[in-house]
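See below for the structure under consideration.
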Amino acid sequence: MIIEESNIWDTINNAKKTKPSAEWLKTAYNPNINFELRQEIAIRLGQLSKVGWIKIKDLLKTYGNKDELILAAGLTYQDDAKEWLLNHLYSDDTMNIKVVEALACWGGTLPIELIKKTLEEKSAQMKIAGLELLKFKAHLLSDFDLLEIAKSPLNDFREEIVIKTLTIIQRRESLDICEAISDVIQKGSDKSAYYGLMALGSIGTKISKNILLDLVKNLKNTERKELAKKQLNFEI
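Sequential numbering from 17 applies to the sequence shown in my numbering.
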């Protein structure tokens, strides 16, 4: 039974009154309908946890590994879904970016070697997905291990990757972490340096204060020096 797209939207938009069942969503899904609508159906199935995963599995068997269904599998947060995703991580010896993205919520339970592999990939999208995994894993790592794995993305030439890495490591207070952030401030792009200074200022320890003092003395870039002074004043 094929449901018209307009009818699907009507049902979804009226979900506050009557939530569509998992079975109805499964029936409504069709790979030939508008992508936005397919994605919406998949998300709603994912939000139905265990019963949603049962229907998503059926759709995967019927239609194959569609991107929206892969991401929906991650939303279910079911152990069986995690195993399915790990079993479909590689396609022709290449990591599937959608599978990595779907595994984000399980980042804390994934092997550190897997996270390292994602961060060694050249693709910006894959590195961002890998950093999402690291975000959930970071609290289980020592400062040394965290810096080891963050070294590559922290020195990436793309600002968005450096900045996302900064948001992960700035939750620590050690000298090594503060020095790594200081390195970005001195050598990174203006935007990366800005976020680095914000990160250093947010740490609020004697170590971060001393690093800021050194930056105020040694930074050649006028704008960065002034921002370092402001951050130092906040800490004082």
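Yeah, the Cβ is synthetic: ideal placement off N, Cα and C, and Gly gets one too.
- Ranking ASP192, LEU135, GLY217 and SER224 by CA distance to the CA of LYS180 puts LEU135 first.
- Under a 10 Å Cβ-count criterion, GLN63 is classified as exposed, with fewer than 16 other Cβ atoms of the shown protein chains found around its own Cβ.
- Cβ-Cβ distances below 8 Å link GLY123 to ILE131, GLU148, LEU149, LEU150, LYS151, PHE152 and LYS153 in the same chain, with the five nearest sequence neighbours on each side left out; the list follows chain order.
- With respect to the 8 Å criterion, LEU170 and ALA196 are classified as neighbours on the basis of their beta carbons.
- The C-beta distance from LYS222 to VAL232 rounds to 16 Å, too long to meet the 8 Å contact threshold.
- Leaving aside the five residues that flank ALA209 on each side, the residues in its chain whose CB is nearer than 6 Å to its CB run, in chain order, ILE201 and ARG240.
- Its chain contains ALA145 as the residues whose beta carbon lies nearer than 6 Å to that of GLU117, once the 5 sequence neighbours on both sides are disregarded; these appear in chain order.
- The shortest CA-to-CA distance from ARG187 to any of LEU156, GLY204 and ARG60 is the one to LEU156.
- Per DSSP, the continuous alpha helix (DSSP H) segment holding TRP100 begins and ends at 95-103.
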